[in-house]
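Quick notes on the structure that follows.
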Amino acid sequence: MIINGWRVYFIRRLFGKQRQDLQEEVHLLKKTLVSKEYRIHSKVKLYAAIMVAIREKIPLDPFASHFALTETLKKYGRVKKMGLPERYRLFFRALKTKEDQAIFILWLGYSRQEGDKNDCYKVFTKMVIRGDFPDCLDDLLQDSSEY
11 MIINGWRVYF
21 IRRLFGKQRQ
31 DLQEEVHLLK
41 KTLVSKEYRI
51 HSKVKLYAAI
61 MVAIREKIPL
71 DPFASHFALT
81 ETLKKYGRVK
91 KMGLPERYRL
101 FFRALKTKED
111 QAIFILWLGY
121 SRQEGDKNDC
131 YKVFTKMVIR
141 GDFPDCLDDL
151 LQDSSEY
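Going by our numbering, the sequence shown opens with residue 11, and the numbers climb by one from there.
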């Protein structure tokens, strides 16, 4: 899908799986809850906020300073707040070439307490250092599904 000139992709084995699991859970909730309860359920709100971030917020300007990360993560961006429940972070990478503009939604992290070894920034940094996300566009495309 192209949004605001950006082609949007999901990394299949990470965010693609997270999104699919969350989507299935939301569909099940829709079948089992009454409308009022469904609309206020935390998983439904999380899923809706993620989709708004992907469809509306990130493609406006994926290089905006409010998405920027530093040091080891400077090639990446993240969405925090902007409708996402507190402590959730949606990590992505935007690449712009002469021929194409692409946004790769990489991973949804849940930040626990600062300093926790499972803090999403620490986990994501380990994923980057480990090479879980290819550097070149062609390799990223091989690991991804278009939105």
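Note that CB positions come from ideal geometry on N, CA and C, so glycine has one too. Predicted, not measured: the structure shown is a model, and the values here were computed from it.
Would you grab the beta carbon distance between residue i and residue j for me? Rounded to a whole angstrom, and I think it's under 8 Å.
{"i": "Phe73", "j": "Val89", "result": "In fact, because the Cβ distance is near 13 Å, the residues do not count as touching under 8 Å."}
{"i": "Arg23", "j": "Asp153", "result": "7 Å"}
{"i": "Arg158", "j": "Ala112", "result": "Beyond the ends of the chain as shown, which are 11 and 157, falls residue 158; an answer cannot be given."}
{"i": "Leu56", "j": "Pro95", "result": "6 Å"}
{"i": "Ser155", "j": "Gly26", "result": "6 Å"}
Are residue i and residue j touching if we call contact CB-CB under 7 Å?
{"i": "Ile134", "j": "Phe101", "result": "The amino acid occupying residue 134 in the given sequence is Phe; Ile does not appear at that position. Contact: yes."}
{"i": "Gly141", "j": "Cys130", "result": "no"}
{"i": "Leu39", "j": "Tyr48", "result": "yes"}
{"i": "Tyr19", "j": "Phe114", "result": "yes"}
{"i": "Leu105", "j": "Leu147", "result": "yes"}
{"i": "Val36", "j": "Val54", "result": "yes"}
Quick one: what does DSSP say residue i is sitting in, helix, strand or coil?
{"i": "Val62", "result": "helix"}
{"i": "Leu79", "result": "coil"}
{"i": "Leu150", "result": "helix"}
{"i": "Tyr157", "result": "coil"}
{"i": "Lys91", "result": "coil"}
{"i": "Tyr98", "result": "strand"}
{"i": "Phe114", "result": "strand"}
{"i": "Phe73", "result": "coil"}
{"i": "Leu24", "result": "helix"}
{"i": "Tyr19", "result": "strand"}
According to the neighbour-count rule (16 or more other Cβ atoms, all chains shown, within 10 Å of its Cβ), is residue i buried or exposed?
{"i": "Ala58", "result": "exposed"}
{"i": "Arg99", "result": "buried"}
{"i": "Leu70", "result": "exposed"}
{"i": "Gly87", "result": "buried"}
{"i": "Lys67", "result": "buried"}
{"i": "Ile60", "result": "buried"}
{"i": "Ile21", "result": "buried"}
Run through the DSSP bridge pairs and tell me what residue i is partnered with.
{"i": "Tyr48", "result": "Its beta-bridge partners do not exist; DSSP assigns none."}
{"i": "Lys106", "result": "Gln111"}
Is there a Cβ of chain B sitting closer than 7 Å to that of residue i, yes or no?
{"i": "Ala63", "result": "The chain labelled as chain B is not found in the depicted structure, where only one protein chain is given."}
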